[in-house]
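For our numbering, add 21 to where a residue sits in the sequence shown, where the first one is 1. For each residue, glycine too, the CB sits at the ideal point set by N, CA and C. Computed from a predicted model, the values in this text were never measured in an experiment.
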Amino acid sequence: RRLELDLRRALAMREFVLLYQPQLNLASHEITGFEALLRWHSPRHGVVPPSVFIPLAEEFGLIGAIGEWVIRTACREAAGWERPLSVAVNVSAAQFGASNLVPVVLSALGESGLDPRRLELEITESVLLKDDGSVLDVLRMVRRIGVHVSMDDFGTGYSSLSRLHSFPFDKIKIDQTFVRVQPNDTSATAIVRAISALGRSLGIATIAEGVETAEQFDRVAAAGCTDVQGYLISPPVPADRIADVMREHS
Ligand code: G
Ligand code: G
Ligand code: MN
Ligand code: NA
């Protein structure tokens with residue numbers, strides 16, 4: 022109850038921040054973009070992880086407003102970066118019902134001046150699970166504006182392949198469970214290789230998430246992933262450290 026009240030006030034109290042985690046391209050060895058990851062700094066509850074407050078925000082009907090803040094903030098901050106790299110924003114299934122995503126994206130792009138091609142929406146397979154076509158309509162509309170769409174946590178949901186068939190995603194994000202594994206995990210490696218091959222034949226980028234060790238980096242590179250993301254490159258960093266991270270990797 023207390024948590025609900027505090028979460029209801031968090032936006033107005035400016036208690037949310039976005040951290041940004043870089044994504045490294047394996048062909049150029051340059052950082053090509055950052056994923057925005059939401060954090061709630063609550064004076065009463067400390068740093069509350071999104072795995073805790075996003076489900077609560079959905080339950081309390083706050084996800085639309087919070088998601089809108091995330092999109093606007095990510096666009097505004099990315100527009101100020103010294104290099105025009107991409108910014109990826111996570112969009113949950115509930116956000117499609119809770120807010121009018123297309124006008125929000127349009128106005129966030131308009132007010133920030135961000136090139137639409139620099140914005141990427143990350144959606145999970147579950148977003149398309151009970152879809153009646155309206156989610157696909159929204160995705161097609163944002164894509165027509167030039168915004169990119171990625172499939173997040175690939176391989177952990179249902180009917181991954183039919184999702185790829187029903188919408189032309191720009192990027193597949195290979196879930197950490199297949200990446201953050203022991204060196205002897207041959208089945209995880211085979212899965213990463215298969216997803217990479219699938220991406221290659223569809224002309225879609227494949228990014229390995231959760232790369233923590235040099236061994237994992239080498240393995241996903243050998244498996245044919247096009248990009249990597251994970252603590253080995255950098256943990257998510259505050260906005261004021263972005264310039265440093267860009268410089269470290271160029
Ligand atoms: O950053 P972290 O590993 O704690 O993120 C945990 C989960 O929260 C991930 O599944 C991530 O996609 C999700 N998440 C992070 N930021 C956002 C956000 O801005 N919106 C939504 N809907 N989910 C987010
Ligand atoms: O579900 P999604 O992929 O959007 O969430 C990514 C989550 O993974 C974020 O919470 C982020 O902080 C976390 N993360 C990013 N890189 C690593 C990593 O190398 N190891 C671990 N354990 N978590 C990571
Ligand atoms: Mn994500
Ligand atoms: Na993911």
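What do you get for A218, buried or exposed, if any count of 16 or more other CB atoms within 10 angstroms of its CB means buried?
Per the 10 Å Cβ criterion, exposed.
What residue range does the beta strand (DSSP E) around W102 cover?
First-last for W102: undefined, no H or E at that position.
Could you check whether the region 66-80 touches the region 125-137, counting it as contact only if at least three pairs of C-beta atoms, one from each stretch, sit closer than 8 Å?
no
How is the alpha helix (DSSP H) around V232 delimited, first residue to last?
Run containing V232: none; DSSP gives neither H nor E here.
Could you please go through the chain and list the residues whose beta-carbon is closer than 5 Å to any non-hydrogen atom of ligand 3?
N111, E143 and D173
Along the chain, which unbroken stretches of the beta strand (DSSP E) at least 3 residues long are found entirely within the region 120-159?
140-145
Name the one or two DSSP bridge partners that A336 has.
Absent from the structure is residue 336, since the part of the chain shown begins at 22 and ends at 271.
Mind checking H169: buried by the 16 CB within 10 Å criterion, or exposed?
buried
Could you tell me the distance, in whole angstroms, from the CA atom of R214 to the CA atom of R65?
45 Å
Less than 9 Å separating the beta-carbons of G251 and E233?
Here G251 is near E233, since their CB atoms are less than 9 Å apart.
So, with DSSP's three-state summary, where would you put R35?
coil
Taking V170 as part of the beta strand (DSSP E), name the residues at either end of that continuous run.
Start and end: H169 to F175.
Taking A260 as part of the beta strand (DSSP E), name the residues at either end of that continuous run.
Note, A260: premise wrong, no beta strand (DSSP E); not H, not E.
Given G134, which residues of its chain have a CB within under 7 Å of its CB, disregarding the five upstream and five downstream residues?
A100
Can you tell me whether V159 sits near ligand 1, meaning its C-beta is under 8 Å from at least one heavy atom of the ligand?
no
CB V266 to CB I92, shorter than 9 Å?
With contacts defined as CB atoms closer than 9 Å, V266 and I92 fail to qualify as a contacting pair.
Output the distance between the C-alpha atoms of Y41 and N205, rounded to the nearest integer angstrom.
31 Å
So, with DSSP's three-state summary, where would you put I254?
coil
Would you say the region 194-209 touches the region 221-239, given that touching needs at least three Cβ pairs under 8 Å?
Cβ pair count under 8 Å is three or more, so yes.
Report the CB separation of G54 from S107 in whole angstroms; it is logged as a contact under 8 Å.
3 Å
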